[in-house]
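Undergrad: Position one of the sequence shown corresponds to residue 81 (the numbering used here), numbered consecutively onward. Ideal placement from N, C-alpha and C gives every residue a C-beta, glycine not left out.
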Amino acid sequence: MEESILSVSSERAERRKVNPSKKFVKSAYVKSLREYNKIYNESVKNPAKFWGEKAKQLHWFKKWKTVFKYSKKPFVKWFEGGKINVSYNCLDRHLTTWRKNKAALIWQGEPEEDSRTYTYVELHREVCKFANVLKRKGIRKGDRVCLYMPMIPEIAIAMLACTRIGAIHSIVFGGYSAESLRKRIKDSEAKMLITADGSLRKGKPMPLKDKADSVLGKCRSVKNVIVCKRANIKVKMNKRRDFWWHEEMKDASPFCKAVEMDAEDPLFILYTSGTTGTPKGVLHTTGGYLVYVYQTTKWVFDLKDDDTYWCTADVGWITGHSYIVYGPLANGATSLMFEGVPTYPEPDRFWQIVEKYKVNVFYTAPTVVRALEREGKKWVDKHDLSSLRLLGSVGEPINPDAWNWYYNVIGKRKCPIVDTWWQTETGGILITPLPGAMPLKPGSATMPFPGVVPAILKEDGSEAAANEGGDLVIKKSWPGIGRTVWKNPKRYIDVYFSKFPDYYLAGDAAKKDKDGYFWIMGRIDDVVNVSGHRIGTAEVESALVSHKTVAESAVVPMSHEIKGQCLYAFVTLKRGVKKSDKLKIELVKHVARVIGHIAKPEKVQFADALPKTRSGKIMRRILKAIVEGKKDVGDTTTLADASVVKTLIREKEK
Ligand code: PRX
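1. Determine the burial state of Asp661: buried for a count of at least 16 other Cβ atoms within 10 Å of its Cβ, exposed for fewer.
2. Less than 8 Å between the CB atoms is what I'm expecting for Tyr424 and Lys282, so what's the real figure, rounded?
3. Tell me, which residues are paired with His364 by DSSP?
4. Cα separation between Lys732 and Leu409?
5. Determine the burial state of Lys291: buried for a count of at least 16 other Cβ atoms within 10 Å of its Cβ, exposed for fewer.
6. Grouping DSSP H, G and I as helix and E and B as strand, with all else coil, what is Val252?
7. Using a Cβ cut-off of 8 Å (strictly closer), state whether Asp540 contacts chain B.
8. Check whether the Cβ atoms of Leu690 and Phe650 sit closer than 8 Å, and answer yes or no.
9. Considering only residues of the same chain and omitting the five flanking positions on each side of Gln432, which have a CB-CB separation below 7 Å?
10. Figure out for me which residue from Met239, Gly560, Met638 and Arg493 has the closest Cα to the Cα of Thr504.
11. Mind checking whether the beta-carbon of Thr617 lies closer than 7 Å to any heavy atom of ligand 1?
12. Could you tell me which of Tyr351, Phe323 and Phe598 sits nearest to Trp566, measuring between CA atoms?
13. For Trp599, name the three-state secondary structure that DSSP assigns.
14. Could you pull the start and end residues of the beta strand (DSSP E) that Ser473 belongs to?
15. With Ile219 and Ala238 assumed to form a contact (beta carbons below 8 Å), what rounded beta-carbon distance in angstroms separates them?
16. Compare the C-alpha of Ile170 against each of Ile497, His139 and Ser578 and name the closest.
17. Where does Thr356 sit, in a helix, a strand or coil, going by DSSP?
18. Which whole-angstrom value is the C-beta distance of Leu288 and Gly254, which I expect to be below 8 Å?
19. How many Å lie between Leu347 and Leu227 at the Cα?
20. Starting from Glu548, follow its DSSP beta bridges and name the residues at the other end.
21. Excluding the 5 residues flanking Lys592 on each side, which residues of the same chain have their C-beta closer than 7 Å to its C-beta?
22. Could you round the C-beta distance between Val302 and Leu261 to whole angstroms and report it? I think they count as a contact, below 8 Å.
23. Give me the Cα-Cα distance between Val460 and Asn440, rounded to the nearest whole angstrom.
24. Could you work out which residue in Asp322, Tyr648 and Trp485 is closest to Leu667 when comparing CA atoms only?
25. Put Gly407 into one of helix, strand or coil per three-state DSSP.
26. Going by DSSP, name the residue or residues bridged to Arg749.
27. With distances taken Cα to Cα, identify the nearest neighbour of Gly400 among Thr727, Val252, Cys646 and Ile706.
28. Please identify the residue among Met231, Thr717 and Lys494 whose C-alpha is closest to the C-alpha of Leu280.
29. Give every residue of the same chain whose Cβ lies closer than 6 Å to the Cβ of Thr718, excluding the five residues on either side of it in the sequence, and list them in chain order.
30. Put Tyr777 into one of helix, strand or coil per three-state DSSP.
31. Per DSSP, what kind of secondary structure is Ser151 in: helix, strand or coil?
32. Express the C-alpha separation of Gly507 and Ile729 in angstroms, rounding to a whole number.
33. What would DSSP say about Lys436, mapped onto helix, strand or coil?
34. With 16 as the cutoff for other CB atoms within 10 Å, does Thr356 come out buried or exposed?
35. By DSSP, does Tyr584 sit in helix, in strand, or in coil?
36. With three or more beta-carbon pairs closer than 8 Å as the criterion, would you say the region 165-181 touches the region 189-198?
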């Protein structure tokens, strides 16, 4: 029964295949499924050989002794014995080549007139100078440095400067509250905070330093604060503790030797939310992480030297770490960084930037695609997007409707879409098309990256049959895997290695079709059991969004006396569509048509806005609490707009 639900909905999608154009294939690194299969099979048969060869493309001060080994399962070591430096590989390595004067980082500020370009040689200079500032303030190898900054080039400079001297950075997304910042500083015992007077959001200055000040008194570990000027906000400076970035940089020397780090020395901590209230500090280490982001950036984005590459994520998330800064720079690429939001001053801002910089590779999230689709094609048509040759998607399953719009309207039917599945914990992309090799199936992240061995397991640990849903696990280690939870190795084991002790548990439900394509169905806790049938909420959402009136939807479980659980759907309509009970009935029928009666939502609530984090993720935890009528919906400090919650409670369906 379970199988039929999963397959009814996907069989139609599963049959649809989209091939890359001949032109794309001609210049692609991996050109056919046959070639991919050959590389994949060899990589899995002999991972040490595969990863060893990839690692050789980077600069090592000293070569590793073993490619990988378990210290004590599940704790793993990659490239043990090797000595390497991340900033050296992202910068110095290119300075002896023609790339020294190539644009490394192009920054577009929120105001159109604010932009800066750093060549590799210029970025190297800034990074060395700031590394010397860090040293002057007493930062040494192994110290933690917390970054709470806007999307300005200084955030990348600070990250690279930390890696240059072996300090461990911990970036706290600028949209987080002061309390979230305090918790993360406390857990990592950061010695320094780097921040700014404020950030700009839709033309308005938003304070950062002031927010930090409200908790710094409780953060004893922080000895110094470095402050960048960005938003023209007056701030209080504590003479003994706080220093201006521009003043410190004035007389800093541009020479700073990169420290030779052990491959397994910590590189950064990045906090991510778990099932409990306390965030997990995922720890990534040096050599393996760099090799992994280097190789995935190159093959997934099929990155070439003349590409302008733009990932729209915030640097404060793992996507920004791996695919704005480290992966692209390790490849000697030109990485574009944008400070603003997609809809300001107008909903064509992204397309205007694509046109302005002639962006070739564009990587964003499905929520952005849906939001911009909702604004209408006229905003796209104002711009020449002919430079685009590849599109990417990350963060959640991309529903076929958004996929089609992205493919047809943005990519003009000539750009493959790489739907990349991965997580903060995985360091880099694990399941993804290699765009010249795989026929795409809209809605599927397709196949594993070479060296990665995913599987779908049933509750008893046996492998699920084709199209049968189950837990997504990764069977073999890969160089980018997070090595532990900061100061909490037990939690690392409990969360990722206890349900199936030999494998990494992703926490996502997925299925694999007969052609070996992976379909991510959402987090395990987003799988709802209706009358004993397992239904992925992502699938129902996708069905709803495929209706011509729907812009976005979020489906959550609701307790039901007879069925155990049923589905409650929040639906955002496209602009100009009239809300009516008739439309609600039509939407329920539509879901029944697309998936089957079993997946019909019990309730539909129209919602002009959904509770989202600033990175655009819908907070289903909050929606679940609303649906269950809980008085306390939990922590809302990470929401982009907390007022949305009140409206949803008021308009809840009885
Ligand atoms: O549920 C999966 C979803 O995002 C989760 C990881 O979130 P985070 O650690 O914040 O990292 C986001 C950026 C890598 C996953 O467990 N997810 C991410 N990418 C996809 C996805 N779900 C479906 N398809 C994807 N391409």
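TA: The structure says:
1. In the sequence shown, residue 661 corresponds to position 581, counting from 1. The residue in question, Asp661, is exposed, as its Cβ has fewer than 16 Cβ neighbours within 10 Å.
2. As a first step, residue 424 is located in the sequence shown; it is residue number 344 there, counting from the start. As a first step, residue 282 is located in the sequence shown; it is residue number 202 there, counting from the start. Indeed they touch by this definition, with Cβ atoms about 5 Å apart.
3. As a first step, residue 364 must be located in the sequence shown, where it is residue number 284. For His364, which the question treats as bridged, DSSP gives the partners Phe348.
4. For the purposes of this step, residue 732 is taken as the residue at position 652 of the sequence shown. For the purposes of this step, residue 409 is taken as the residue at position 329 of the sequence shown. Distance between the alpha carbons of Lys732 and Leu409 is about 48 Å.
5. Residue 291 sits at position 211 when you count from the first residue of the sequence shown. Under this definition Lys291 is a buried residue.
6. Stepping through the sequence shown from its first residue, residue 252 is reached at position 172. The answer is coil: DSSP assigns Val252 none of H, G, I, E or B.
7. Absent here is chain B; the protein component of the structure consists of one chain.
8. Translated into the one-based positions of the sequence shown, residue 690 becomes position 610. Translated into the one-based positions of the sequence shown, residue 650 becomes position 570. A contact, by the Cβ cut-off of 8 Å.
9. Taking the sequence shown and counting its residues from 1, the one referred to as residue 432 is at position 352. His463.
10. Here residue 504 is taken as the residue at index 424 of the sequence shown, counted from 1. Among Met239, Gly560, Met638 and Arg493, the Cα nearest to that of Thr504 belongs to Gly560.
11. Position 537 of the sequence shown, counting from 1, holds the residue named residue 617. Checking the Cβ of Thr617 against ligand 1 gives no.
12. Numbered from its first residue, the sequence shown carries residue 566 at position 486. Among Tyr351, Phe323 and Phe598, the Cα nearest to that of Trp566 belongs to Tyr351.
13. Within the sequence shown, residue 599 is the residue found at index 519, counting from 1. Three-state result, Trp599: strand.
14. Taking the first residue of the sequence shown as position 1, residue 473 is located at position 393. Unbroken beta strand (DSSP E) run through Ser473: Leu470 to Val474.
15. Translated into the one-based positions of the sequence shown, residue 219 becomes position 139. Translated into the one-based positions of the sequence shown, residue 238 becomes position 158. About 11 Å separates the two Cβ atoms, so there is no contact after all.
16. By 1-based counting over the sequence shown, the position of residue 170 is 90. Checking the displayed sequence, the identity of residue 170 turns out to be Cys instead of Ile. If we check each option's Cα against that of Cys170, His139 comes out closest.
17. Locating residue 356 in the sequence shown gives position 276, counting from the first residue. Residue confidence is low: Thr356 scores 48 on pLDDT, short of 50, so the model does not pin down where it sits. No coordinate-derived value is stated.
18. The sequence position of residue 288 within the sequence shown is 208, counting from 1. The sequence position of residue 254 within the sequence shown is 174, counting from 1. At roughly 6 Å, the Cβ-Cβ gap stays under 8 Å, so Leu288 and Gly254 are in contact.
19. Within the sequence shown, residue 347 is the residue found at index 267, counting from 1. Within the sequence shown, residue 227 is the residue found at index 147, counting from 1. Cα to Cα, Leu347 sits roughly 14 Å from Leu227.
20. As a working mapping, residue 548 is identified with position 468 in the sequence shown. For Glu548, which the question treats as bridged, DSSP gives no partner whatsoever.
21. Mapped onto the sequence shown, residue 592 falls at position 512. Taken in chain order, the residues that qualify are Ile536, Ala546 and Phe598.
22. The residue you call residue 302 lines up with position 222 of the sequence shown. The residue you call residue 261 lines up with position 181 of the sequence shown. So it is not a contact: roughly 11 Å between Cβ atoms.
23. Residue numbering aside, residue 460 sits at position 380 when the sequence shown is read from its first letter. Residue numbering aside, residue 440 sits at position 360 when the sequence shown is read from its first letter. Roughly 16 Å between the two C-alpha positions.
24. Your numbering for residue 667 matches position 587 in the sequence shown. Nearest C-alpha to Leu667: Tyr648.
25. Residue 407 sits at position 327 when you count from the first residue of the sequence shown. Here Gly407 sits in helix by DSSP.
26. Residue 749 falls outside the range modelled here, since the chain spans only 81 to 734, and no answer is possible.
27. Your numbering for residue 400 matches position 320 in the sequence shown. If we check each option's Cα against that of Gly400, Val252 comes out closest.
28. Taking the sequence shown and counting its residues from 1, one reaches residue 280 at position 200. It is Met231.
29. Start at 1 with the first residue of the sequence shown, and residue 718 comes out as number 638. Cβ within range, chain order: Thr693.
30. Given a span of 81 to 734 for the chain in the structure shown, any question on residue 777 remains unanswerable.
31. Locating residue 151 in the sequence shown gives position 71, counting from the first residue. If DSSP states are grouped into helix, strand and coil, Ser151 belongs with the strands.
32. Counting from one through the sequence shown, the residue named residue 729 turns up at place 649. Counting from one through the sequence shown, the residue named residue 507 turns up at place 427. Approximately 37 Å between the Cα atoms of the pair.
33. Working through the sequence shown from its first residue, we reach residue 436 at position 356. In the structure shown, Lys436 sits in a helix (DSSP, three-state: H, G or I).
34. Within the sequence shown, numbered from 1, the residue matching residue 356 stands at position 276. Legend: pLDDT at Thr356 = 48, less than 50; position of this residue unreliable, value from coordinates given subsequently. Exposed, by the Cβ-count rule.
35. Sequence index remark: in the sequence shown, residue 584 carries index 504 (1-based). Here Tyr584 sits in strand by DSSP.
36. no
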